[in-house]
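Below: the structure, in structure tokens.
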């Protein structure tokens with residue numbers, strides 16, 4: 013790779029930007045280090061793909077939307093700021109904290125509005141898809157909200173996660189020109205070595221597995237990128 017990012021064959025690498033909460037940051041309590049799945053994804057995709065990421069632990073998708081244009085943490089600001097070459101694909105993994113917030117504050121007999129719960133995630137995808145860089149088109153991939161110990165304990169949380177994922181998938185499938193894609197989270201929540209003992213975060217091994225499992229899906233999307 014040359015100093016300007018061009019590969020030995022003279023072709024500039026395709027850029028991927030991963031955005032989300034602690035599951036994108038790579039938080040794995042009680043460990044202090046971060047283990048972002050973006051590292052594993054980049055290793056799987058090879059030298060002609062560059063993967064970068066921004067994970068915001070504890071943030072809901074709603075908060076992310078409020079800061080879309082913030083120069084430090086904003087998704088739209090980040091995508092707009094990357095050129096030569098511009099980003100080909102934005103991967104968004106968000107919603108886990110929204111489910112916790114919405115279902116932990118529920119009153120008996122009430123149910124969250126799925127459309128409102130999904131709206132911030134859809135807004136983030138549209139914010140990226142609406143960015144124009146000449147004839148270059150940015151694509152997005154929504155990764156489904158994963159399971160958790162909380163969802164196993166709380167039927168309302170489990171149902172909300174399933175309904176939100178279905179709604180996100182419907183958005184992706186209906187978006188013009190196939191520029192938005194959806195994939196379920198690659199593996200279920202279980203009490204095994206892929207997950208931390210907090211029942212929410214992946215273990216270092218889990219993050220590596222996530223990047224590896226997403227790689228074939230991402231490769232197919234990159235084949236369509238200009």
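Numbering (the working numbering), first residue to last: 13 to 238.
In this text, a Cβ means the ideal position worked out from N, Cα and C, and glycines have one as well.
Secondary structure in the region 92-155: the beta strand (DSSP E) runs of 3 residues or longer, each lying completely within the stretch, are 99-105, 151-155 in chain order. Between the alpha carbons of residue 145 and residue 101 lies a gap of roughly 13 Å. In this structure, the beta-carbon distance from residue 124 to residue 172 falls below 9 Å.
Scanning its chain for C-beta atoms nearer than 7 Å, with the 5 sequence neighbours on each side dropped, one finds around residue 130 the residues 176, 179, 180, in chain order. DSSP, read as helix, strand or coil, puts residue 62 in strand. Under the DSSP assignment, residue 36 falls in the alpha helix (DSSP H) whose first and last residues are 34-37. With fewer than 16 other beta carbons inside 10 angstroms of its own, residue 23 counts as exposed.
Pairing residue 227 with residue 35 gives a Cβ-Cβ distance that is not under 9 Å. Distance from the CA atom of residue 221 to the CA atom of residue 88, rounded to whole angstroms, is 28 Å. Residue state for residue 197 is assigned as coil, using DSSP reduced to three classes.
For residue 228, the enclosing alpha helix (DSSP H) starts and ends at 216-234.
Check the Cα spacing between residue 107 and each of 209, 204, 190, 163: the tightest is with 163. Unbroken alpha helix (DSSP H) runs of no fewer than 4 residues, entirely contained in the region 157-212, are found at 161-165, 167-186, following chain order. Our two residues, residue 174 and residue 134, have alpha carbons roughly 16 Å apart in a direct line. Here residue 40 is buried: its Cβ has 16 or more other Cβ atoms, across all protein chains shown, within 10 Å. Around the beta carbon of residue 232, a 10 Å sphere encloses fewer than 16 other beta carbons of the protein chains shown; the residue is thus reported as exposed. In this model, residue 165 and residue 211 are separated by some 11 Å (Cα to Cα). Taking the Cβ atoms as the reference, residue 67 lies roughly 7 Å from residue 38, within the contact range of under 8 Å.
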